[in-house]
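K.L.:
Numbering (the working numbering), first residue to last: 32 to 116.
1. Going by DSSP in three states, residue 61 sits in which element: helix, strand or coil?
2. Compute the distance between the beta-carbons of residue 7 and residue 74, then report whether it is under 9 Å.
3. Along the alpha helix (DSSP H) that carries residue 96, what are the first and last residues, could you check?
4. With a threshold of 16 other CB atoms inside 10 Å of the CB of residue 77, please say whether the residue is buried or exposed.
5. Going by DSSP in three states, residue 67 sits in which element: helix, strand or coil?
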C-alpha cells in the first residue's frame, strides 16, 4: 500500500529532479526494513499485550509492503544486487 503510493508519487515527479525508479525502490525497502526492525524489537521487549498486538499488525502491513516493493524492484529490472531473505 505504502510502496504503491510512493511509486505513483515518483512517477509524477519532474524527471530532472527525480531519482531513478530503482533508487527509489531501494530507499523504500530500506525504510520499511528499518521500521520492521523497530517493530520486532518492540514486540520482543514489551510485556504489554496491546502494544505487542499493535506492533504485530503494523509489522504485518510493512512486511506486505516490503514484499510488494521487492517484486517491483524485480519487475523494473533493477538488477540482482539485493540480498536474499
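Built from N, CA and C at the ideal position, the CB exists for glycine as well. Nothing here was measured: the structure is a model prediction, and the numbers come from that model.
P.N.:
In brief:
1. The sequence position of residue 61 within the chain shown is 30, counting from 1. Residue state, collapsed to three classes: helix.
2. Any answer about residue 7 is impossible in this case: the structure gives the chain only from 32 up to 116.
3. Your numbering for residue 96 matches position 65 in the chain shown. Where residue 96 is concerned, the enclosing alpha helix (DSSP H) stretches over 80-106.
4. Here residue 77 corresponds to residue number 46 of the chain shown, with the count starting at 1. Counting of Cβ neighbours within 10 angstroms places residue 77 among the exposed residues, the total staying below 16.
5. Numbered from its first residue, the chain shown carries residue 67 at position 36. Three-state result, residue 67: helix.
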